[in-house]
Each structure stands twice: as structure tokens, then as C-alpha cells.
Amino acid sequence: MPAQAAGISGLFDSYRPLPGVPDELCDAQGRMRPGWAPLLDHLSALTPSRIAADFARGEQHLADAGVFFRKYGDATAATRDWPYSPVPVVLAQADWDTISAGLIQRADLMEQVAADLYGPNRLVAHGHLPAQLVASNPEWLRPMVGVAPRGGHFLHFCAFELGRGPDGRWWVLQDLTDAPSGAGFALENRIATTHVFPDLYARANVQRLAGFFQDFRSALTDLKGDRSSRAAILTPGPLTDTYYEQAYIARYLGLSLLEGGDLTVADGGLKVRTVKGLIPVEVLWRRMDGIWSDPLELRRDSHLGTPGLMSAIRQGQVTMVNALGAGVLETQALMAFLPAISRVLTGADLMLPNVATWWCGQAAELAHVQRHAARMMIGPALATRMPYETSAPHAIGGTLTGTDDPAVGQWLAANAADLMAKELVTLSTTPVYENGALVPRPMTLRVFLARGPQGWHVMPGGFARIGGGADTSAVSMRRGGSVADVWVVSDTPVATPTLLPRAGDGPFRRATPEALPSRAADNLFWLGRYIERTEGQLRLLRAYHGRLSEGASGPLLDGIRGHLGDNGIKMDHAIPKGLCRTLAAAVHSASQIRDRFSVDGWAALTDMDKTLAKMQGTTKVGDDGALATGILLRKVAGFSGLTHDNMYRTAGWQFLAIGRALERAAMTLGLLSRLADRDAPDGALDLAVEIGDSVIVHRQRYATITSRDTVIDLLALDPLNPRAVRFQLDTLLARVTDLTADAPLGHMTDFERSVRTLQTAFAVHTVVTLDTAALDAALTEVLGLSNTINAAFLH
Amino acid sequence: MIYDIRLTLATDYAGTASNGRHVVCVMPRDLGPEQRLVAGLLTLSPRPSERRDRIDFFGNAVVEFALDALHGGVEVSVQARVERQVTRQSPQSATSLGALPRIIDACRDMGPDSPVHFIAASARAPLTPAMTAFARAHVVSDMDTAEAVVAVGRALYRTMQFDPKATTVDTPAPEAFAKRHGVCQDFSHIMIACLRGIGIPAGYVSGYLRTRPPPGKPRLEGADAMHAWVRAWCGPQAGWLAFDPTNDRIADSSHIIVAHGRDYGDVAPIRGILRGSGGQTSRQSVDVIPLVDPIPPTATGGE
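Line by line, the protein sequences are chains A and B. The first sequence: position 187 = 187 (full-length UniProt numbering), numbered continuously. The second sequence: position 143 = 143 (full-length UniProt numbering), numbered continuously.
And the structure:
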């Protein structure tokens with residue numbers, strides 16, 4: 001329906017909830033639920049084009065921030081845009097209080113269950129939980145049995161997926177206790193929403209999210225014993241589907257984002273490898289599934305984990321958030337027993353029920369499931385995800401997939417102990433803006449809880465998943481859809497958390513930057529090299545296309561082609577594949593360290609990558625190629641400028657700068673070796689000056705035509721020309737000196753020694769002594785630095 | 001029977017390595033009257049920067065150690081004296097096959113020897129229809145569990161060819177079964193999968209096997225081997241029955257037990273992760289020297 005016709009408050013009047021399905025905006029009598037009025041008034045007062053513009057602002061924010069998901073394990077998978085629904089889900093404070101209380105109770109219960117499963121096993125011994133569900137469970141980690149978690153708690157951060165059933169009550173659909181994702185997405189949602197509704201948000205009494213994260217940050221810090229040790233986030237790496245989110249939250253909380261390979265176990269404790277040696281890590285917020293985190297004691301085939309992590313945990317040297325093995329609590333069949341377990345352990349019923357669940361390994365339960373299979377979803381008992389989210393055989397509403405068994409009944413009977421069944425739940429709907437009108441779509445909430453010193457804190461809203469169509473069965477969520485912010489709206493003004501210092505915080509002290517993890521340093525170093533290499537290759541290409549368009553041929557053109565070949569570029573296309581590979585390598589290096597990267601820097605890099613891909617298919621050799629490479633050169637300069645002007649001068653920047661200086665010195669040496677050789681063809685010297693971007697300076701400085709002496713002087717020996725080798729060696733030395741500034745007096749690393757030797761030897765050259773052989777010798781030395789830097793910092 | 005056991009387990013690297021971390025599980029277990037560890041010493045070379053001796057979930061003695069400095073290889077040595085005595089289970093006390101599932105379902109014991117840990121498929125012993133069908137074809141419904149275990153083990157011994165060249169330490173059990181070739185590790189994993197497939201809890205046993213030299217020849221130094229066999233749970237009265245499918249017999253006093261697990265993955269003699277370059281070669285030498293020598297039957301060694 002066109003919204004033009006709807007007019008003021010028309011959005012609500014024309015909203016049609018689905019019959020018999022509870023809706024978040026509309027109650028059963030068709031009245032607007034509390035909390036929504038300001039949002040609906042706001043939207044109804046806007047023209048469709050204004051709404052479109054406002055919503056686009058949110059989308060733009062997310063696009064600028066580079067929000068993406070990636071399918072795990074597929075390095076080549078294109079990242080896709082964030083599916084974002086700008087209309088938030090509004091929940092009244094009273095409704096939210098019910099949810100909070102219920103989930104705090106559930107999180108406490110889960111903690112007790114974990115302590116029992118890895119401790120005395122009373123639940124099994126007393127018959128409250130079948131032994132097989134634990135003993136056969138791949139998430140029940142035997143190395144953790146009998147290990148008391150440091151600090152006393154198994155769970156510190158968990159999430160629950162909720163849906164509202166037909167009776168209007170909230171149900172827990174899924175427990176996420178191992179390494180739940182989404183908290184960073186919630187933050188991003190919120191920031192996008194504040195871009196869409198800036199004024200409204202400020203006055204609508206929406207509970208803020210920042211306080212939750214501040215509390216969690218300080219809780220993590222408090223879990224450390226030693227102040228000089230670190231709290232960090234453990235990530236499976238950039239290939240994981242939620243890596244963006246992990247990088248985002250690491251930046252937001254100011255925590256290091258570490259991969260298993262960044263960590264090592266030494267002297268019984270967990271350490272991070274940094275450019276300043278091993279530094280203790282005492283708190284690890286784990287975003288990696290438990291079973292992958294130690295290849296020595298858990299999954300042997302894991303390349304993601306840290307050998308010995310389990311040992312450090314056993315020694316009480318590290319607090320895991322959450323404890324390894326917490327994934328067992330996500331077991332689907334466990335929900336069948338939780339209501340009774342709650343009564344046994346706490347003496348109270350669950351305040352928020354979970355979806356009715358039956359484990360088919362019991363005769364009576366199996367019979368019940370057999371009778372009602374049409375109203376159930378049936379899947380693996382020990383899975384940690386809903387049946388429809390697993391690749392294992394499952395039956396939904398009586399329809400069987402993934403097995404050759406002819407009928408549900410037979411399949412059930414043959415595999416009873418391995419299966420569980422859940423009631424097919426339907427969800428409530430929430431309004432989504434489509435084609436100028438609000439339409440009802442099914443939704444689930446994801447609610448996050450973090451443990452503080454006094455107990456659990458609940459993140460007030462932030463994250464809802466919205467189904468793509470009108471089908472309200474929970475199963476429909478598997479087809480994806482979008483996500484939306486969740487507003488918990490209070491009747492009274494809400495507290496606005498502040499980062500300003502409070503009384504009692506003590507005098508201001510400047511924080512010293514943390515030592516850079518070796519792997520991040522390595523990636524920054526290579527990013528610097530690849531970016532510089534991209535630029536150098538572009539300059540060569542531009543010269544090549546330029547000469548072609550002037551109709552040049554013969555030895556000079558062959559010379560450029562040969563030099564391109566030496567640099568790994570075959571002239572297969574006007575924009576050759578070799579160039580694309582170089583830039584792809586730069587993007588790859590950058591993608592490994594997203595958390596250390598400014599949003600703008602990343603955007604500039606990916607923009608360059610996109611432009612290059614676009615040009616690759618369309619650009620023709622000659623003039624067109626020269627123009628295209630010119631555009632790309634300006635984009636490289638843009639990226640370099642961003643890092644040079646904006647990047648904080650920590651060790652990370654030093655490594656980036658070292659990579660660039662090293663690569664530029666090497667490229668210029670290679671160029672001069674070929675083009676300033678006595679036997680180089682006519683025009684080679686002019687070409688060298690052009691590629692070296694020094695045409696104007698040459699004209700001003702020497703007021704003469706190029707000679708070997710002037711070119712060597714300007715591009716090799718000049719300490720003031722940023723394109724000259726000498727300038728780059730000086731830069732290298734300066735960066736290396738910065739890096740090792742706090743080394744003990746008189747203690748010089750091999751790396752610094754090599755750079756100093758090289759720089760001095762080069763500086764004393766004259767245009768006479770710096771012949772082609774000397775250039776080649778210097779090139780070998782420069783390239784050799786890559787190994788020395790590795791040995792010095794990146795081991 | 002009293003044995004002196006000597007083991008050397010060595011890995012030599014083509015290059016050098018640093019930050020090595022290993023877990024070894026090679027010390028004979030102390031299991032009470034059945035097997036007593038009189039004395040045992042495990043030494044490591046080069047000297048580790050960190051060493052921790054502990055007992056794992058299944059009660060096995062493991063040693064975890066780290067080598068921080070650059071090193072060109074690692075050598076683990078064991079010297080142990082073991083007193084081994086076998087008390088044969090009486091087959092009459094084993095539970096009938098039909099009664100087993102209900103007993104296991106009702107089991108509330110989570111201890112390391114509880115059958116509940118040994119019923120589900122494990123990484124190295126996945127269940128396949130082919131192996132389950134093989135097991136089913138060799139048991140009849142009126143057998144008790146112990147008879148069924150022996151029947152399946154015997155059938156495997158007759159079907160499988162002992163062949164050290166056919167498989168490697170990483171060959172999946174279903175593949176070895178399809179080839180009908182393998183070594184003790186394959187025989188054991190296949191038997192475990194077969195038994196679990198028909199509802200009998202079964203686990204992996206690693207250990208040392210005493211071998212007999214050909215008549216008239218002296219015992220060759222270092223020629224014995226580490227070995228693997230199977231144990232299966234035959235009900236609350238009978239408990240665990242150990243069967244060696246590679247040698248077609250119930251495990252006896254020639255079998256010295258090192259570790260119990262669900263499969264090889266739980267009890268690998270040495271596993272390790274290191275940062276280094278180049279390939280590596282492994283050496284193993286085992287001596288099982290009987291101090292008192294009655295007449296043992298002949299046997300085929302391990303890998």
C-alpha cells in the first residue's frame with residue numbers, strides 16, 4: 001500500500017497483524033502496545049521519501065563501517081551486506097523486566113548445571129539426567145572434568161534466543177552458553193538506529209546499551225590477578241562468519257583480538273607473543289568453540305587453538321569466558337530435563353519456560369513423540385543447534401529430510417536414543433517497513449547476559465532476528481531475513497551512562513599502549529609492503545601504457561615489459577592479473593588485523609579493490625590504461641595518506657612504515673639497476689625519473705637533460721627525495737630506532753645492526769661508486785632485511 | 001609374571017624446532033592385583049623446560065612436557081617393572097545381549113570405567129552400516145555378551161589380514177575394514193566399531209606385548225612392540241573382557257596394559273605440537289623382558 005495515502009498515523013491504521021498471531025506492535029484487541037506511540041508518530045509524520053532517506057542513513061553507516069558476515073571456511077566467499085531492518089522492535093519496560101528476571105534465573109541455573117557436570121555429577125547419579133546425554137556428548141570435555149574454573153565460575157557471558165508464543169508468553173528457544181555471537185552486532189544495530197532516528201532516540205526513554213559493555217569490560221579487568229597481564233578476546237580468525245563483529249567489539253572494549261597462534265603456554269601460564277616478547281594473558285573472552293581451542297588435548301585436527309591451553313587452565317593460570325566445555329549446556333535434549341533440574345537445584349520452577357522438549361531415549365517420551373510427530377521438529381539429541389540448523393537428518397512437522405528412511409516413525413524407532421523432539425513453535429510478529437507500509441514479520445530476540453561482581457547484568461535490548469516472510473513458524477527463521485535493534489522503552493527518563501571520570505577515579509594517568517602481538521606486526525609489515533608494491537607496479541604500468549599510446553615500440557618498451565616481468569607482472573591484460581594479486585595480498589593482510597585498522601582505512605582499501613576489479617574487465621591498453629592506472633594511483637595515495645596522517649604512532653604503525661620503506665627501497669633499486677645501467681636503451685633514464693615521480697624536481701635541480709649521474713643522485717642518493725633509496729633507508733633506520741627505543745642501553749638487535757650497516761654503506765656511495773653491481777648488492781641486502789625482522793620481532 | 005619393560009620413543013627433526021609441547025602416555029598402569037607397577041621411570045631428552053605428570057580422565061598416567069629452546073628432536077625413555085596376573089572372567093556371569101541396552105540406559109555411573117563412555121561412536125571408531133552388519137552376522141541372539149565379543153573378535157581375525165604396509169596411523173577404521181588389511185590399531189578400532197554397532201560398550205587398550213622369538217633363536221633386543229587390543233563391557237557382574245583381535249585371543253599375562261580409552265585418540269603414546277620446519281622421522285624400540293618364564297603362546301606384535 002502506498003504510504004502517501006496513509007498520511008498521519010496511517011502507518012498504524014493500515015498495519016494488519018496476522019490473524020491469531022501475537023504481534024509486538026498491536027495487542028489482541030488491535031490497540032497499540034505501550035512504548036510504540038512515539039516511534040509511530042514520528043514515522044507517520046514523515047513522507048515516504050524522507051523515511052527512505054533516513055533509513056538510507058542507517059544503511060550507509062553500516063556500509064561505511066564495513067559490517068559484513070562471512071561464510072565460515074570459504075576464504076574466497078564474497079562478504080555480503082548486513083541485512084538490517086531499520087524499524088526497531090519496541091518492548092515496554094515491564095515486559096522486559098519479566099524477561100530479565102527469567103534469564104538471570106536461567107543463567108544461574110546453567111552455572112549450577114555446569115558445575116555439576118564437571119564436578120560431582122549428582123544430576124546423573126540421582127537420575128535427573130541420563131548418563132548417556134553427558135557421556136556421549138562431544139561438547140562434554142573430559143579434560144575439564146574435575147577442573148575448578150579460576151574465579152569459581154564457568155559462565156561469564158551468555159545469550160538466549162527467545163520467542164513469544166501464541167499465549168503471549170516468552171519462551172526460551174535456544175541457550176547460547178559456549179561462545180555466543182551477536183553482542184557486537186547489537187551495538188552496531190543501535191548505532192545505525194541512532195543515525196536513523198537521532199532526535200526520537202534522544203527523547204524516547206530507550207534503555208542505553210553502553211552501560212552493559214562498561215560493566216562487562218570492568219568485570220573482565222577485575223578477573224585478572226596481575227595488573228600487568230592482559231584480558232583479550234580469542235577469535236578463530238578472519239574466516240569465521242562473525243569475525244567483523246569480534247573485531248568491532250575488540251575495538252569498542254579496547255581489548256586485544258588474539259588468534260590461537262598469537263598465544264603460547266610457557267612456565268605453566270598463557271602468554272601472548274608480542275614484538276616485546278611474551279606477555280601474560282589471564283583472561284580470555286573466548287569466541288572460539290571450546291573443542292577447537294587446544295589441539296593437544298581437545299580436537300587434534302584444530303589449527304585454530306593453542307597447544308597447552310588446557311594445561312594453563314588446569315594450573316589455574318587463566319580465566320576463560322566462558323569455561324571450556326560450557327557448550328554442553330547448549331545440548332538440545334538438555335531442555336527436556338531443565339524444568340525438573342530447576343526444581344531440584346533451586347527449588348523453583350523456571351520463570352521463563354523453554355520450548356517443550358522430549359528426549360526419545362525414554363520409552364514413554366518416544367511414544368509421545370511418535371504420536372505427535374506432526375506437531376514437532378525432531379533432530380539430533382546432542383546437537384547444539386535447532387534441528388533445522390544442522391546437517392544431520394531431521395523431521396519437521398512430520399516431513400523427514402536427510403535420510404533414506406521411508407517414514408518418521410521407523411526412523412524415530414531405529415535411532416531413538418540419538419534423537420530429541422521439540423514442539424513446533426510459532427513466533428510473534430513485529431512491523432517491518434516494506435514498500436511504504438508496515439507489514440508483520442516473525443521475530444526472535446537474542447538477549448545477552450554478562451556476569452558482574454554482584455551477579456548477572458542483562459543487555460537491555462539491541463538484537464532481534466526478523467524472518468523474511470509471513471510464515472511465523474520458528475523454522476522459517478532458517479531462511480534468513482534481517483536483524484533489527486530492540487528498544488526497551490521506559491516510562492521515565494533513562495540513565496545515560498557516561499565515560500566521563502567519576503569522583504574517586506583518582507588522578508588522570510595516561511595509559512601506555514599494549515605491546516603489539518607478533519602476528520599483527522607481521523601483517524602490518526606485509527600490508528605496508530604490498531601497498532607499496534601495488535603503487536610501484538601501478539607506476540610501471542602507467543609508464544608502459546603511456547609509452548604505448550605514444551606509439552612507442554622497441555627496446556625501451558621491451559625493457560619495461562621485462563621489468564614488469566621481474567616484478568611478477570605478466571602483461572596478460574591492460575590491468576594485469578599480477579597487479580590484482582598484489583592488491584589482494586594487501587587486502588588479505590589488512591583483513592587479518594581489522595581490529596587495528598581505522599574504518600576509513602579499511603573502506604579506502606576495499607574501495608580500491610572494487611575499483612580494480614571493475615577496471616580489470618573494461619580497461620584497454622594504451623591511453624585508457626594510463627588513465628585507469630592514474631585513478632588507481634590516486635586511490636593508493638588516499639589510503640597511504642590516511643594511514644600516514646591518522647594512524648597512531650604505536651609499534652603497529654612502525655611495522656607498516658618499515659614494510660613500506662623496505663619495499664620502496666627495493667623497488668627503486670631494481671628500477672635503477674635496469675634503467676640506469678650503462679647498457680640501458682635510449683630513453684631509459686627519462687623513464688626512470690618518470691616512474692620515480694621526480695620529473696619536476698629533476699628539472700628544477702639539474703636544469704639539464706637526464707644523465708646517469710643526475711638520475712642516480714636524485715633517485716638513489718638524495719636524502720630529501722622520498723622516492724630515493726637513501727631517503728627510505730633513513731626512514732627504516734628511524735623506525736627501527738623508535739621500535740627499539742626502550743631496549744637496554746648498548747643492546748642492539750640484529751635487525752637494527754643490519755639496518756645501520758646498510759644505511760651507512762649506502763650513504764657513503766657516490767654516483768661513481770654506485771654502479772649497477774652496487775645497486776644489485778644493495779637490493780640483496782634490503783630484501784634480506786625481511787628475514788632479520790622476522791627473527792627479531794615476529795617469531 | 002614379572003616383566004622388565006624398556007621403551008625408547010624418539011622423533012628426529014630434519015631441521016630444528018622450538019616451542020614444542022607433547023603429551024606422552026606410555027607408562028604401564030597400576031591396576032591392583034591384575035597388574036602392579038612395581039617401579040617406573042620416565043625420562044625425557046632434551047631436558048624439558050616444563051614437565052607435568054598427571055592422571056587423565058580414564059585413569060591413565062600421562063606426562064605433558066614443553067621444550068622451549070631450539071632442539072633437533074625428542075626422546076622419551078621408559079624403564080618399568082610390572083607384575084601381571086590374569087584372573088579369567090567366567091563367561092557364565094556375562095549379561096545376555098538382549099538385556100544389555102536396558103542396563104546401560106539405567107546406568108548412573110559417570111566414573112572412568114563406566115560403560116556409558118564407550119557406547120557412542122568416537123572420532124577414530126565411527127560406526128558404519130558395513131561394520132555393524134559384519135558384527136550382527138557373527139552373533140546369534142542367545143549368546144551372552146562375552147560370547148558375542150569373542151565371536152566378533154574371532155571373525156575379524158579370520159577376515160582381516162595383518163599387513164603393516166596397508167595402513168598408516170591415520171587410516172580411518174572404515175577404510176581399513178573395506179580393505180580387510182591393517183595392523184593392531186586397525187583391528188582394534190574395527191572391533192570397537194563392530195561391538196558398539198550392536199550395542200556392546202567397547203574401548204581401546206594400548207600396551208606392550210611380550211613376543212616370543214622363533215624356537216632356538218635368542219630374543220632380539222628392541223624388537224618387541226607397543227600393541228593395542230580391545231576391551232568390552234559384558235554386564236555388571238562380568239565387567240570388562242579384554243580381547244586381542246590381532247592375535248585371536250583373550251588378553252592374557254603377555255598383555256601389559258598402559259592405557260584405557262575410547263579409541264587411539266585418547267591414548268596415543270605420544271602426541272605433540274611444535275613450531276618448526278622440515279620433516280621428521282620416528283624411532284621406537286621396545287623390550288618386554290620376562291623375569292620368570294613359563295610357557296607363553298605365540299603372538300603377533302603390534303605395528
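Ideal placement from N, C-alpha and C gives every residue a C-beta, glycine not left out. These figures come from a predicted structure and were not determined experimentally.
Distance between residue j and residue i (C-alpha atoms, nearest Å)
i                 : j                 : result
Pro453 of chain A : Asp4 of chain B   : 56 Å
Arg446 of chain A : Arg271 of chain B : 40 Å
Ala94 of chain A  : Val488 of chain A : 9 Å
Cys107 of chain B : Val432 of chain A : 52 Å
Leu70 of chain B  : Arg230 of chain A : 27 Å
His368 of chain A : Leu419 of chain A : 13 Å
Gly379 of chain A : Ser342 of chain A : 24 Å
Asp170 of chain B : Gln174 of chain A : 37 Å
Val113 of chain A : His126 of chain A : 13 Å
Gly73 of chain A  : Gly402 of chain A : At Gly73 of chain A the pLDDT is 38, less than 50, meaning the model places this residue with poor confidence and gives no usable figure here.
Asp609 of chain A : Trp602 of chain A : 11 Å
Phe751 of chain A : Ala741 of chain A : 13 Å
Leu257 of chain A : Val283 of chain A : 12 Å
Ala676 of chain A : Asp709 of chain A : 9 Å
Ala99 of chain B  : Leu270 of chain A : 49 Å
Assigned exposure category for residue i - 16 Cβ within 10 Å defines buried
i                      : result
Tyr118 of chain A      : buried
Thr246 of chain B      : buried
Pro719 of chain A      : exposed
residue 798 of chain A : Nothing about residue 798 of chain A can be reported from this structure: the residues present for chain A run from 1 to 795 only.
Leu209 of chain B      : buried
Tyr648 of chain A      : exposed
Ala77 of chain A       : Note that Ala77 of chain A scores a pLDDT of 43, beneath 50, so its modelled location is shaky and nothing firm can be said.
Pro115 of chain B      : buried
Ala164 of chain A      : According to the sequence displayed, residue 164 of chain A carries Arg and not Ala. The residue in question, Arg164 of chain A, is buried, as its Cβ has 16 or more Cβ neighbours within 10 Å.
Met1 of chain B        : buried
Ile560 of chain A      : buried
Met615 of chain A      : buried
Ser228 of chain A      : exposed
Thr399 of chain A      : exposed
Cβ of residue i within 8 Å of any chain E Cβ
i                 : result
Asp186 of chain B : This model lacks chain E altogether, as its protein chains are A and B.
Residue range of the beta strand (DSSP E) that includes residue i
i                 : result
Leu281 of chain B : In the sequence as presented, Leu is not what sits at residue 281 of chain B; that position holds Thr. Its beta strand (DSSP E) spans residues 280-290.
Arg203 of chain A : First-last for Arg203 of chain A: 198-203, but that is the alpha helix (DSSP H), not the beta strand (DSSP E).
Ser302 of chain A : Element bounds for Ser302 of chain A: n/a, residue is neither H nor E.
Cys194 of chain B : Run containing Cys194 of chain B: none in the beta strand (DSSP E); it sits in the alpha helix (DSSP H), 184-197.
Tyr648 of chain A : Looking at the DSSP string, Tyr648 of chain A is not in any beta strand (DSSP E), and its letter there is neither H nor E.
Segment limits, alpha helix (DSSP H) that includes residue i
i                 : result
Glu245 of chain A : 243-253
Trp96 of chain A  : 93-117
Lys610 of chain A : 599-618
Trp526 of chain A : 518-549
Pro174 of chain B : 173-179
Leu44 of chain B  : That residue, Leu44 of chain B, is in no alpha helix (DSSP H); its beta strand (DSSP E) goes 35-45.
Identity of the residue in the options nearest residue i by Cα
i                 : options                                : result
Ala521 of chain A : A:Val483, A:Ala657, A:Val425, A:Lys224 : A:Ala657
Tyr13 of chain B  : B:Gly279, B:Glu83, B:Arg47, B:Gln284   : B:Gly279
Ala80 of chain B  : B:Thr8, B:Thr132, B:Arg124             : B:Thr8
Ala626 of chain A : A:Ser673, A:Pro576, A:Trp602, A:Asp645 : A:Pro576
Ala474 of chain A : A:Pro442, A:Ala495, A:Gly462           : A:Pro442
Glu111 of chain A : A:Thr618, A:Tyr702, A:Ala148           : A:Ala148
Asp13 of chain A  : A:His372, A:Trp602, A:Leu43            : A:Leu43
*asked:* Taking 8 Å as the cut-off, does the stretch 617-631 of chain A touch the stretch 535-545 of chain A (at least 3 CB pairs, one atom from each stretch)?
replied: yes
_Measuring CB atoms only, is the stretch 232-245 of chain A touching the stretch 577-586 of chain A, in the sense that at least three cross pairs come out at less than 8 Å?_
no
_Count Cβ pairs between the stretch 720-739 of chain A and the stretch 657-666 of chain A that sit closer than 8 Å; are there 3 or more?_
yes
_Three or more C-beta pairs under 8 Å: does that hold for the stretch 154-166 of chain B against the stretch 220-238 of chain B?_
no
*Using 8 Å as the threshold, is the stretch 192-206 of chain B in touch with the stretch 231-242 of chain B, meaning 3 or more CB pairs across them?*
yes
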